[in-house]
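Visitor: Chains A and S are the protein sequences, given in the same order.
Going by our numbering, the first sequence opens with residue 1396, and the numbers climb by one from there.
Going by our numbering, the second sequence opens with residue 1396, and the numbers climb by one from there.
Idealized CB from N, CA, C, for every residue including glycine.
Just passing along the structure, written as structure tokens.
There are 2 protein chains.
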Amino acid sequence: MQGQNLTYGIANELGIEIVTGVYSADNPIPIEAQLCRKYGASRSALREAVKMLTAKGLLDARPRRGTWVQPEEKWNLLDPDVLGWLLERKYSPALLIEFTEIRLAVEPGAATLAARVAGPQEKAAIRHGIERMQAADRGDDDPLDSDIAFHVAVLRASRNRFYAQLTGFTATALRFSIQTTNRYKGVQLASIADHKKVADAILAGRAVAAGEAMRKLIQEALDLICKREALQATRRLAGGSAR
Amino acid sequence: MQGQNLTYGIANELGIEIVTGVYSADNPIPIEAQLCRKYGASRSALREAVKMLTAKGLLDARPRRGTWVQPEEKWNLLDPDVLGWLLERKYSPALLIEFTEIRLAVEPGAATLAARVAGPQEKAAIRHGIERMQAADRGDDDPLDSDIAFHVAVLRASRNRFYAQLTGFTATALRFSIQTTNRYKGVQLASIADHKKVADAILAGRAVAAGEAMRKLIQEALDLICKREALQATRRLAGGSAR
DNA sequence: TAAGTCTCATTTATATTATAAAAAGCGCCA
DNA sequence: TGGCGCTTTTTATAATATAAATGAGACTTA
Chain A
1396 MQGQNLTYGI
1406 ANELGIEIVT
1416 GVYSADNPIP
1426 IEAQLCRKYG
1436 ASRSALREAV
1446 KMLTAKGLLD
1456 ARPRRGTWVQ
1466 PEEKWNLLDP
1476 DVLGWLLERK
1486 YSPALLIEFT
1496 EIRLAVEPGA
1506 ATLAARVAGP
1516 QEKAAIRHGI
1526 ERMQAADRGD
1536 DDPLDSDIAF
1546 HVAVLRASRN
1556 RFYAQLTGFT
1566 ATALRFSIQT
1576 TNRYKGVQLA
1586 SIADHKKVAD
1596 AILAGRAVAA
1606 GEAMRKLIQE
1616 ALDLICKREA
1626 LQATRRLAGG
1636 SAR
Chain S
1396 MQGQNLTYGI
1406 ANELGIEIVT
1416 GVYSADNPIP
1426 IEAQLCRKYG
1436 ASRSALREAV
1446 KMLTAKGLLD
1456 ARPRRGTWVQ
1466 PEEKWNLLDP
1476 DVLGWLLERK
1486 YSPALLIEFT
1496 EIRLAVEPGA
1506 ATLAARVAGP
1516 QEKAAIRHGI
1526 ERMQAADRGD
1536 DDPLDSDIAF
1546 HVAVLRASRN
1556 RFYAQLTGFT
1566 ATALRFSIQT
1576 TNRYKGVQLA
1586 SIADHKKVAD
1596 AILAGRAVAA
1606 GEAMRKLIQE
1616 ALDLICKREA
1626 LQATRRLAGG
1636 SAR
């Protein structure tokens, strides 16, 4: 949902404003006419943007009652656009922990399946992901992109459409997660070894081992985040500089 | 996305046609003017419907090139609307297996978390789900609804927004799953006992046990589906009446 | 002949205006 | 006081005009 044209641009801006909490019960969405003025757009373009956000669970429009932001539990958080908007402007350690928690369940499941059903092409993609991570370690590839490529390859290799669907979600989450936790400083080597254990298990068809290796990998990431947060809390208490 | 008004009705119809494979590379979506005629709608209403489907990953429209169905891997399968459309018209054992597979990873994860963090209200909802299942067994409640209520309560009790987001998905999937596998014929009692084990573990705060109990529960459902499918395959081979 | 450029036609994108439908709020009346 | 019906506001739909994008084919030129 890039700003390739006016409608998409409005959807983007409005989407960000909504998920960052600009509108609520006491500060509702302006009526169509005002929104048109605000974005300098016609009703057609604006209404189409609003309909896109409605489809993603962010808005609800009814005649005479106006257009309202839906309660947060109706937002389609698994939609990469929605998740992206949320992450782009609103840093939240809680959110980071929450999606690492769900990755802790999902990715081992995908790895287990992948070990059972992955074909030659899918296995090649996983192997290639590991190679890219190794290349990144030598400075020949991007560490973030290669990491994401590996996790996406595993999800795809599960040959399950719902896991495959989570690639967009995972890629967005991972990009944000890694950027904010900002690893790649010495942890890299150990991390590659852990990733390689997962890959080896999948390639060898050892389903249980693959799941377990993936679980450990993500559990480590979760522990790291929690430790960091605790640390920052301590610093805040001590009056130190924490973000 | 009910047919509350014209635009939503068009989105529904078109959505079903798309996911059931009416349109493809060799049979592309008609141009706007033709679609308007087909649905007896104005361009405004039609375009708004198309934009909703675009937001859900089903369509992509560009000037001069027309509007095309996106490749299936871009469909937002975790969106309850999209999943519902897929299930409503297109029975698919493969799909049933696939979403039971992902439930096998997700729901134990949610149960584990729930055991750690569920508050009084969330615990009450889980207890109530069990009570409803028991009531259904006596004929005093709906077996399908009570089953769904229990699983939804566990997801919510995880206090994780991404798990909570999957309630819509799970409810849709479960409704379809149970209807087609059509249990509730003697299996019921054993099923309630298994559900109660999950609930007890969560209520007692035994996280690992809760996850494991949930895993067993869903693994049983998965085995049942696979056995059924194998059975039907056998019948088909034997020339018997399948489905 | 071949490669590049230009023009034109087609289709979606946006704008504008008018009318319909829904529903909240108010006032009238019994 | 309570219910009924008008009025007004806001979204829903319609109809039409213009803009922008782009694919295809013609045209130009080396």
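Less than 9 Å separating the beta-carbons of L1617/A and I1492/A?
Guide: Against a cut-off of 9 Å, the Cβ pair of I1492/A and L1617/A comes out as a contact.
Visitor: CB-CB under 7 Å to G1479/A, same chain, minus the five flanking residues each way: which ones, in chain order?
Guide: So the list reads T1567, once near-sequence residues are dropped.
Visitor: Would you check if there are 3 or more beta carbon pairs closer than 8 Å linking the region 1404–1420 of chain S to the region 1470–1484 of chain S?
Guide: Yes: at least three Cβ pairs fall under 8 Å.
Visitor: Can you name the residues of chain A whose CB is closer than 8 Å to the CB of A1602/S?
Guide: Ordered by position in chain A, no residue passes the 8 Å Cβ test against A1602/S, which lies about 12 Å from the chain.
Visitor: Where does V1417/A sit, in a helix, a strand or coil, going by DSSP?
Guide: Reduced to three states, the DSSP call for V1417/A is coil.
Visitor: Tell whether a beta-carbon distance below 9 Å holds between E1496/A and M1609/A.
Guide: No, these two residues do not count as a Cβ contact at 9 Å.
Visitor: Decide if the region 1440–1448 of chain S is in contact with the region 1440–1457 of chain A; the criterion is three or more beta carbon pairs, one per stretch, under 8 Å apart.
Guide: Yes, the region 1440–1448 of chain S touches the region 1440–1457 of chain A.
Visitor: Answer yes or no: do A1596/S and A1588/S have a C-beta to C-beta separation smaller than 9 Å?
Guide: No; because the gap between Cβ atoms is not below 9 Å, this pair is not in contact.
Visitor: Does chain A have any CB closer than 9 Å to the CB of V1414/S?
Guide: No, because no Cβ of chain A sits closer than 9 Å to the Cβ of V1414/S.
Visitor: Got a sec? Which residues, its chain only, sit under 6 Å from F1571/A by beta carbon, not counting five neighbours each side?
Guide: Taken in chain order, the residues that qualify are L1482.
Visitor: In the DSSP assignment, what are the bridge partners of D1455/S?
Guide: DSSP, once it has assigned bridges, lists W1463/S as partnering D1455/S.
Visitor: Note down, in chain order, every chain A residue with its Cβ under 7 Å from the Cβ of Y1418/S.
Guide: Simply none; closest approach about 19 Å.
Visitor: What residue does the alpha helix (DSSP H) around L1473/S start on, and which one ends it?
Guide: Element bounds for L1473/S: n/a, residue is neither H nor E.
Visitor: Taking 8 Å as the limit between beta carbons, can you name the residues of its chain near E1467/S, skipping five residues before and five after?
Guide: Nothing meets the Cβ criterion.
Visitor: State yes or no: is the beta carbon of T1567/S nearer than 9 Å to at least one beta carbon in chain A?
Guide: Closer than 9 Å: no.
Visitor: Reducing DSSP to helix, strand and coil, say where Q1614/S ends up.
Guide: Note: Q1614/S maps to helix in three-state DSSP.
Visitor: List, in order along the chain, the chain S residues whose C-beta lies closer than 7 Å to that of F1545/A?
Guide: Those do not exist, as F1545/A stays about 18 Å from chain S at its closest Cβ, beyond 7 Å.
Visitor: Quick one: Cα of Q1627/S to Cα of I1620/S, how far?
Guide: The straight-line gap from Cα to Cα measures roughly 10 Å.
Visitor: Please list the residues of the region 1529–1563 of chain A that have a C-beta atom closer than 9 Å to any C-beta atom in chain S, keeping them in chain order.
Guide: The region 1529–1563 of chain A vs chain S, Cβ under 9 Å: R1551, S1553, R1554, N1555, R1556, F1557, Y1558, A1559, Q1560, L1561, T1562, G1563.
Visitor: If you run the structure through DSSP and keep just helix, strand and coil, what is G1479/S?
Guide: Correct three-state label for G1479/S: helix.
Visitor: What whole-angstrom Cβ distance do Y1558/A and A1505/A have, given they're in contact under 8 Å?
Guide: About 5 Å separates the two Cβ atoms, so the contact holds.
Visitor: Which whole-angstrom value is the C-beta distance of R1551/A and E1517/A, which I expect to be below 8 Å?
Guide: Contact flag correct, Cβ pair sits at about 6 Å.
Visitor: Within 10 angstroms of the Cβ of Q1560/S, are there 16 or more other Cβ atoms? Answer buried if so, exposed if not.
Guide: Its Cβ being crowded by 16 or more others within 10 Å, Q1560/S is buried.
Visitor: Nearest to A1436/A by CA position, among A1599/A, G1534/A, G1600/A, G1404/A, is which residue?
Guide: The candidate whose alpha carbon is nearest that of A1436/A is G1404/A.
Visitor: Can you find the residues in the same chain that come closer than 7 Å, C-beta to C-beta, to H1546/A, ignoring five residues on each side of it along the sequence?
Guide: So the qualifying residues of the chain are E1502, T1565, L1569.
Visitor: Among N1407/A, R1457/A, L1430/A, A1428/A, which residue has its Cα nearest to the Cα of N1400/S?
Guide: For N1400/S, the nearest C-alpha among the options comes from R1457/A.
Visitor: Is W1470/S close to chain A, meaning its C-beta is less than 9 Å from at least one C-beta of that chain?
Guide: Closer than 9 Å: yes.
Visitor: Here's a check: name, in chain order, each residue in its chain whose Cβ is nearer than 7 Å to the Cβ of Q1529/S, leaving out the five neighbours to either side.
Guide: Cβ neighbours of Q1529/S beyond the five flanking positions: I1587.
Visitor: Could you tell me the alpha carbon to alpha carbon distance between L1473/A and A1599/S, rounded to whole angstroms?
Guide: If you take the alpha carbons of L1473/A and A1599/S, they lie about 30 Å apart.
Visitor: Compute the distance between the beta-carbons of S1524/S and A1594/S, then report whether it is under 9 Å.
Guide: Here the sequence assigns Gly to residue 1524/S, which means Ser is not the residue at that position. Result yes, Cβ atoms of G1524/S and A1594/S sit closer than 9 Å.
Visitor: Go through its chain and collect everything with a Cβ distance to N1471/A's Cβ below 6 Å, but skip five positions before and after it.
Guide: Contacts found: K1451, G1452, V1477.
Visitor: Mind listing which residues of the region 1473–1501 of chain S have their C-beta closer than 7 Å to chain A's C-betas, in chain order?
Guide: Those residues of the region 1473–1501 of chain S that come within reach of chain A (Cβ to Cβ, closer than 7 Å) are L1473, D1474, E1493, F1494, E1496, I1497, L1499, A1500, V1501.
Visitor: Tell me which residues share the same chain as A1625/A and place their Cβ nearer than 8 Å to its Cβ, disregarding the 5 neighbours each side in the sequence.
Guide: None.
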